[in-house]
Amino acid sequence: MTSVWLRWLFVLGLGLQLSACAIGKPAPQATTYVLEPPAPALRAARRPETLRLGKVRVTPAFAGRELVFRLDDVRYVADFYNAFLAEPGAMIGVAMAQWLEASGLFKAVMQADIGTRVDVVLEARVTELYGDFRPGRSPAAVMRVQFALVDLTGVSTQVSWQQTIGRRIAVPEASPEALVRGYGQALGDILMELAAVLEKAD
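Under the UniProt record's numbering, the very last position in the sequence shown is 202; numbers go up by exactly one each time.
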């Protein structure tokens, strides 16, 4: 099913481009998606710090708005007709901040662009963000994030905790909609593990 869907995607894309050029009309707009994790079920004991989420960075291979599919061990493809509504780093950053605020883990959680004085900053870098649609494998949404908690309360800033958390979420089919839903679940699971660890961290 995966290979058939991908072949259809390439043929459709080529056909749409050729037909648009032939009749002098612009190429069709991409279908856009928003990545949203499930609401937090965790009600952690509140830490006394105020936290700001740093700007979430995404490794260059996955930083574009287009959804990325893995075809084999070395080949990846970006789908220009199915894309995130905004840059994935910004979208994931907003979702993370909102989720952490709702979880009650910290006294308060600030977005990256808010300059209010805070006690700690959570830095995050997304190193993997793709649909694993390789033939012979069950389709899956893959997400991996490197986290670092930076303490600003001392004389000098220092990293008090760091860890990489990843998830591979099976999706029912190799389609853009299923993939984005899988991303949402993956991000929710990652944040649940993050909150559980930070609740116990000094």
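In this text, a Cβ means the ideal position worked out from N, Cα and C, and glycines have one as well.
Which value, in whole angstroms, describes the spacing of the CA atoms of Phe84 and Val56? 15 Å
Starting from Lys55, trace the alpha helix (DSSP H) both ways and give me its first and last residue. In the DSSP assignment, Lys55 falls outside any alpha helix (DSSP H), carrying neither H nor E.
Spatial neighbours of residue 220 in its chain, beta-carbon cut-off 6 Å, leaving aside the 5 residues before and after: Since the first and last residues shown for the chain are 1 and 202, residue 220 lies out of range.
Taking only the alpha-carbon atoms, compute the straight-line gap between Pro38 and Thr157 and give it to the nearest angstrom. 33 Å
Mark Arg46 as exposed unless 16 or more other C-beta atoms lie within 10 angstroms of its C-beta, in which case mark it buried. exposed
I need the DSSP call for Glu36, collapsed to helix, strand or coil. In the structure shown, Glu36 sits in coil (DSSP, three-state: anything other than H, G, I, E or B).
Would you tell me roughly how many angstroms separate the C-alpha atoms of Tyr183 and Gly131, rounded to the nearest one? When rounded, the distance between both Cα atoms is 9 Å.
Can you name the start and end residues of the alpha helix (DSSP H) that Asp189 belongs to? Here the alpha helix (DSSP H) through Asp189 covers 176-200.
Of the choices Ala170, Ala178, Val121, whose alpha-carbon is the least far from that of Tyr33? Ala178
Any idea what DSSP makes of Leu152, helix, strand or coil? coil
Where the alpha helix (DSSP H) containing Ala95 begins and where it ends: 88-103
I need the boundaries of the beta strand (DSSP E) containing Phe106, first residue and last residue. Here the beta strand (DSSP E) through Phe106 covers 106-110.
Sub-8 Å separation of Leu67 and Pro176 beta-carbons: yes
Please confirm whether residue 204 and Gly54 have their CB atoms less than 8 Å apart. Given a span of 1 to 202 for the chain in the structure shown, any question on residue 204 remains unanswerable.
Out of Val180, Thr127, Gln162, state which residue places its alpha-carbon closest to the alpha-carbon of Phe62. Thr127
Determine the direct distance from the alpha carbon of Pro28 to that of Arg144, and round the result to whole angstroms. 32 Å
With burial defined as no fewer than 16 other Cβ atoms inside 10 Å of the residue's Cβ, what is the status of Gly89: buried or exposed? Under this definition Gly89 is a buried residue.
First and last residue of the beta strand (DSSP E) that includes Leu67? 66-70
Presumed contact (8 Å Cβ cut-off) between Val159 and Ala148, rounded CB distance: 5 Å
Excluding five sequence neighbours on each side, which residues of the same chain lie with their C-beta closer than 8 Å to the C-beta of Met110? Thr50, Leu51, Arg52, Leu53, Ala97, Thr116, Val118
Starting from Phe84 and walking both ways along the beta strand (DSSP E), at which residues does that stretch end? 76-84
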